[in-house]
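Under the numbering used here, the first residue of the sequence shown is numbered 1, with each subsequent residue one higher.
All C-beta atoms in this analysis are idealised placements derived from N, C-alpha and C, irrespective of residue type, glycine included.
All values derive from a computational prediction rather than experimental measurement.
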Amino acid sequence: MARDYNMRKRVMVTGGAGFLGSHLCDRLLEAGHDVLCVDNLFTGTKDNIAHLHGNPHFEFMRHDVTFPLFVEVDEIYNLACPASPIHYQHDPVQTTKTSVHGAINMLGLAKRLGCKILQASTSEVYGDPAVHPQSEDYWGHVNPIGIRSCYDEGKRCAETLFFDYHRQNKVPIKVARIFNTYGPRMHPADGRVVSNFIMQALRNEPITIYGDGSQTRSFCYVDDLVRGLHSLMETGPDVTGPINIGNPNEFTVRELAEKVIALTGSSSEIIQEPLPQDDPKQRQPNILKAKNELGWEPTIELEQGLGQTIDYFRRFI
């Protein structure tokens with residue numbers, strides 16, 4: 001049955017109370033849509049969406065995507081999955097189930113509704129890459145039995161499911177490979193490099209880098225990221241992805257630590273710890289495909305984004 005009797009598009013965001021999901025809910029509401037936010041609150045929090053509860057076009061549903069869900073929507077953004085090592089390694093079996101069973105359940109819903117569905121995949125599908133920068137035609141270098149595999153391989157399997165549902169059942173899919181993203185509403189104890197460094201700097205504690213800090217990362221501000229996801233969803237059926245969404249400006253981890261110290265005016269010193277297992281040595285997106293197919297590229301420089309993120313984190317001190 002066509003769901004065209006309502007002028008507003010009804011959009012579901014799984015993982016919608018998380019860091020990225022809550023910002024995506026904001027953008028979709030600003031675009032004039034009705035938004036159904038679905039989250040089991042494992043890593044998400046109601047605080048991230050508290051400002052939306054007075055909006056008549058916003059609805060929150062507490063639900064775990066590893067179980068089927070029966071709703072009527074026009075589009076689905078599947079963001080549900082813990083994304084930081086501390087959180088996804090806490091219960092690695094559940095992490096894999098969220099990626100795989102969650103994808104199956106959301107794809108089954110999209111198949112029934114005949115609606116578009118976007119998968120929030122990750123740069124972690126590239127593993128510790130042997131190709132630099134990483135483009136979408138690179139198949140990756142992933143340890144299938146390591147401590148990060150629950151996330152890396154879970155997301156890789158989810159991509160497989162998306163493309164098989166597309167080929168076998170004609171489900172209209174979009175797959176975005178998200179690179180390191182930062183900004184307000186990050187969890188202060190999620191173990192990610194940006195949140196770690198900012199919290200340590202604001203407390204004037206030693207800033208911990210792993211290895212010698214020469215490993216590189218590319219940091220995308222959250223507003224740029226959600227704009228990229230929205231742009232991908234708005235494309236026609238010929239654009240499926242996968243498409244890298246991230247900022248190609250590359251920094252060493254030590255450079256990031258030094259920038260955070262300078263921006264916070266901290267007295268923190270930098271200390272070194274052993275490098276974790278399977279930690280990628282390089283991470284930089286090739287975003288030519290995003291530029292050509294979405295007309296998208298990031299616009300917010302690291303110093304500007306870090307300033308806004310630091311202002312947010314001051315409330316936790």
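Measure the alpha-carbon distance for residue i versus residue j and round it to whole angstroms.
i    : j    : result
G265 : V193 : 18 Å
E318 : F219 : Since the first residue shown for the chain is 1 and the last is 317, residue 318 is missing from the structure and cannot be characterised.
D73  : I173 : The displayed chain sequence assigns Val, not Asp, to residue 73. Cα-Cα distance, rounded: 15 Å.
A2   : K111 : Legend: pLDDT at A2 = 45, less than 50; position of this residue unreliable, value from coordinates given subsequently. So the two alpha carbons sit approximately 14 Å from each other.
P276 : Q304 : 29 Å
P248 : I287 : 7 Å
E124 : G32  : 33 Å
P85  : T240 : 28 Å
E136 : N105 : 25 Å
I209 : D152 : 22 Å
N48  : F19  : 7 Å
M7   : V93  : 41 Å
K289 : E234 : 15 Å
I261 : P188 : 17 Å
H230 : S99  : 21 Å
I317 : G295 : 39 Å
R269 : F313 : The displayed chain sequence assigns Glu, not Arg, to residue 269. Going by the C-alpha atoms only, they are around 19 Å apart.
Helix, strand or coil for residue i, going by three-state DSSP, please let me know.
i    : result
D39  : strand
P276 : coil
H141 : strand
C115 : coil
T45  : coil
S99  : helix
S121 : strand
Q327 : Since the first and last residues shown for the chain are 1 and 317, residue 327 lies out of range.
M7   : coil
D152 : helix
A2   : At A2, the pLDDT of 45 sits below 50, so the modelled position is not reliable and the matter cannot be decided from this model.
A83  : coil
R185 : coil
I310 : helix
K174 : strand
Q134 : strand
I300 : coil
Residue i: buried (16+ other C-beta within 10 angstroms of its C-beta) or exposed?
i    : result
Q282 : buried
E75  : buried
S351 : Any answer about residue 351 is impossible in this case: the structure gives the chain only from 1 up to 317.
G183 : buried
T309 : buried
F58  : buried
N180 : buried
A50  : exposed
R148 : buried
G246 : buried
A17  : buried
A257 : buried
H101 : buried
D64  : buried
Residues in the same chain with beta-carbon distance under 6 Å from residue i, minus the five sequence neighbours each way, listed in chain order, please.
i    : result
Q215 : V253 and K281
K291 : E297
G140 : V125, Y126 and G127
K9   : H33 and D74
H23  : V222 and V226
V35  : V11, C25, L28, L29 and F58
What residue from the options has the CA that sits closest to residue i's CA?
i    : options                   : result
A103 : L41, I271, E124 and N78   : N78
D224 : N244, A262 and D212       : N244
A201 : I271, L36, V71 and M61    : I271
P68  : H53, G108 and D91         : G108
K259 : F197, E205, E273 and N204 : F197
P274 : L232, G307, G211 and R217 : G211
I'd like the list of long-range same chain contacts for residue i, defined as Cβ closer than 7 Å, with 5 residues on each side in sequence excluded.
i    : result
P133 : P248, Q284, P285 and N286
G15  : G21, D39, G44, L79, A80 and C81
With a CB to CB cut of under 8 Å and the five nearest residues on each side skipped, what residues in its chain are close to residue i?
i    : result
V175 : L118, Q119, S121, E159, F162, F163, T240, G241, P242 and I243
Taking only heavy atoms of the ligand NAP into account, decide whether any of them is closer than 7 Å to the Cβ of residue i.
i   : result
T45 : The model on display carries no ligand, and the ligand NAP is accordingly not part of it.
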